[in-house]
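The sequence shown begins at 9 in my numbering and counts up one residue at a time. Where a beta carbon is used, it is the ideal one built from N, C-alpha and C, also for glycine. Some notes on the structure that comes next.
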Amino acid sequence: MTATTTDPQFAAVAEAVRSELATVTHLAHINTFHPGAFDWTAAATPDELAYLSQVAFGEPGHEAAAVAYITKELAQLAEIERHVSTVLALIMGELHDLRDDINTSHELHHALSCFAAEEIQHANTFYRYAREISGVEPRVFQGLFTERLAVFRTDDHPYVKLVALCLSAYVGESVITVYEHRTDALDPQRAHFFTRLLHTHGLDEARHVKIDHVAMKLLHPALTPEQQARVRVLLEQIEDLNRRLAGNFQEATSKALDIDYTLGNPAAAIQLEITKGFGARLFAEDGTLRDADEMLDAELLDLVIRFSGRGSVHGTATPPLTPSLAG
Numbered sequence: 009m010t011a012t013t014t015d016p017q018f019a020a021v022a023e024a025v026r027s028e029l030a031t032v033t034h035l036a037h038i039n040t041f042h043p044g045a046f047d048w049t050a051a052a053t054p055d056e057l058a059y060l061s062q063v064a065f066g067e068p069g070h071e072a073a074a075v076a077y078i079t080k081e082l083a084q085l086a087e088i089e090r091h092v093s094t095v096l097a098l099i100m101g102e103l104h105d106l107r108d109d110i111n112t113s114h115e116l117h118h119a120l121s122c123f124a125a126e127e128i129q130h131a132n133t134f135y136r137y138a139r140e141i142s143g144v145e146p147r148v149f150q151g152l153f154t155e156r157l158a159v160f161r162t163d164d165h166p167y168v169k170l171v172a173l174c175l176s177a178y179v180g181e182s183v184i185t186v187y188e189h190r191t192d193a194l195d196p197q198r199a200h201f202f203t204r205l206l207h208t209h210g211l212d213e214a215r216h217v218k219i220d221h222v223a224m225k226l227l228h229p230a231l232t233p234e235q236q237a238r239v240r241v242l243l244e245q246i247e248d249l250n251r252r253l254a255g256n257f258q259e260a261t262s263k264a265l266d267i268d269y270t271l272g273n274p275a276a277a278i279q280l281e282i283t284k285g286f287g288a289r290l291f292a293e294d295g296t297l298r299d300a301d302e303m304l305d306a307e308l309l310d311l312v313i314r315f316s317g318r319g320s321v322h323g324t325a326t327p328p329l330t331p332s333l334a335g
């Protein structure tokens, strides 16, 4: 869907969108993440694998299950990040001939270009890390890439697709941020490779989350009711496919490493509850979108604090507590 004249639908939010995107990406060239920056010889040492057990089970001695769990989660995330990068490129292509007050000058194109480039590097790095710690090829034969890309091959307005894409990524981005907080709490000096990996990833992820917030808080309200309904349709489709993808990764990883990593795994159990909680609370009853910190009712806040030692997700840090995976 293209236009050759200024679209008044988005004029009221254009200045805010462009200003916020410029602020978000101001230091993207400095605070960023590249796989070549890591010492990969440190990724899978015995001490590192014991630390992964601490992260997942709260104690050493469960290295094999912890490796399988983290392999599955990060390989799955890598595949989703590769998909996000591709869809962002698709959206930018569709925006090429669109003329409105948001898609003028460099701010939107620059922000989405940085987002797409960073996501493909994340996919590259997380796949490499999963290979390093597991010793197996972590990809699956049912990555559903074509099916997930097909969700966005519609005649919907590119901003409908952009909002839907950001929402589809937002829950996972919020969960990995909670994970970053957990490793920082367990390893405040960032002595471990895994802590450094998530911290460095978080430099990019913080920007991606802020771009999501622009889509959620500025672009989504500017859409028509019909366009907002289409956002939910696209989101539901991609979430269904991502659930299938998660099942495929769980099955493939458990088979390749010959272990059921979910048995007695408190991190996996709490992470699943946090993920479900974020997904269920994304839309308020009136149809507006809530960011992760606005979702933190008593139940979800308790899970986040137990897991990460933090009483916030993307907001201002609260005084750190000691994470506890116990109920």
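Name, in chain order, the residues that DSSP records as bridge partners for Phe41. Under DSSP, Phe41 shares a beta bridge with no residue.
Can you name the residues that DSSP bridges to Phe291? Under DSSP, Phe291 takes part in a beta bridge, and its partners are Leu297.
In three-state DSSP terms, what is Gly210? Helix, per DSSP.
What separation, rounded to the nearest whole angstrom, lies between the Cα atoms of Ala275 and His104? Their Cα atoms are separated by approximately 43 Å.
Considering only the beta carbon of each residue, do Ala99 and Leu170 sit closer than 8 Å? Reading off the sequence, residue 99 comes out as Ile, not Ala. In this structure, Leu170 lies closer than 8 Å to Ile99 by Cβ.
One question on the structure: do Val321 and Asp305 come within less than 8 Å of each other, judged by their Cβ atoms? Not a contact, by the Cβ cut-off of 8 Å.
Assuming Ile219 and Cys174 are in contact, meaning their beta carbons sit under 8 Å apart, how far apart are those beta carbons, in whole angstroms? Confirmed, Cβ separation roughly 7 Å.
Tyr135 classed as buried or exposed, judged by whether at least 16 other C-beta atoms fall within 10 angstroms: Buried: at least 16 other Cβ atoms inside 10 Å.
Span of the alpha helix (DSSP H) around Ser182: That run of the alpha helix (DSSP H) goes Pro166 to Leu194.
Ala73 beta carbon near the ligand ATP (any heavy atom closer than 7 Å): Absent from the structure shown: the ligand ATP. Ligands present: none.
With burial defined as no fewer than 16 other Cβ atoms inside 10 Å of the residue's Cβ, what is the status of Pro331: buried or exposed? By the 10 Å Cβ count, Pro331 comes out buried.
Check for me: the alpha helix (DSSP H) holding Asn256 runs from which residue to which? In the DSSP annotation of this structure, the continuous segment of the alpha helix (DSSP H) that includes Asn256 starts and ends at Pro233 to Leu265.
With distance defined between alpha-carbon atoms, name the residue in Leu265, Ala76, Leu96 and Ala22 nearest to Ala172. Nearest option by C-alpha distance: Leu96.
Unbroken alpha helix (DSSP H) run spanning Asp310, endpoints: Asp310 -> alpha helix (DSSP H) spans Ala306 to Ser316.
Apart from the five residues on each side of it in sequence, which residues of its chain come closer than 7 Å, Cβ to Cβ, to Glu102? Excluding residues within five positions, the ones whose Cβ falls inside 7 Å are Pro166.
Just how far apart, CA to CA, sit Ala124 and Leu249? So the two alpha carbons sit approximately 21 Å from each other.
Does the Cβ of Arg26 have 16 or more other Cβ atoms within 10 Å, making it buried, or fewer, making it exposed? By the neighbour-count rule (16 or more Cβ atoms within 10 Å), Arg26 is buried.
Under 8 Å, do Pro68 and Ala58 count as touching if we go by C-beta distance? Taking a C-beta distance under 8 Å as the contact criterion, Pro68 and Ala58 qualify as a contact pair.
Can you tell me which of Ala138, Val312, Arg252 and Asp163 puts its alpha carbon nearest to the alpha carbon of Ala83? Measuring from the Cα of Ala83, the nearest candidate turns out to be Ala138.
His118, enclosing alpha helix (DSSP H) - first and last residue: In the DSSP assignment, His118 falls within the alpha helix (DSSP H) that extends over Glu115 to Ser142.
Within a Cβ cutoff of 8 Å, which residues of the same chain sit near Ile78, ignoring the five residues on either side of it in sequence? If we look at Ile78 and ignore the five residues flanking it on each side, its Cβ neighbours are Leu60, Val63, Ala64, Ala138, Ile141 and Phe202.
Give the straight-line distance between the Cα atoms of Val75 and Gln235, rounded to the nearest whole angstrom. Whole-angstrom Cα-Cα distance: 42 Å.
Could you check which residue in Val312, Ser316 and Leu265 has the C-alpha nearest to that of Ala72? Minimum Cα-Cα distance from Ala72 among the listed residues Val312, Ser316 and Leu265 corresponds to Leu265.
I'd like to check one pair, Gln279 with Val183: are the Cβ atoms closer than 8 Å? When the beta-carbon positions are compared, Val183 and Gln279 come within less than 8 Å of each other.
Of the choices Pro43, Glu23 and Thr31, whose alpha-carbon is the least far from that of Thr208? The shortest Cα separation from Thr208 among Pro43, Glu23 and Thr31 belongs to Pro43.
Who are the Cβ neighbours of Gly180 in its own chain at under 7 Å, not counting the five residues just before and after it? The answer, listed in chain order, is Leu85 and Ile88.
Can you tell me the Cα-Cα spacing of Asn39 and Ala22, whole angstroms? Each residue's alpha carbon lies about 26 Å from the other.
So, helix, strand or coil for Tyr269, using DSSP? Correct three-state label for Tyr269: coil.
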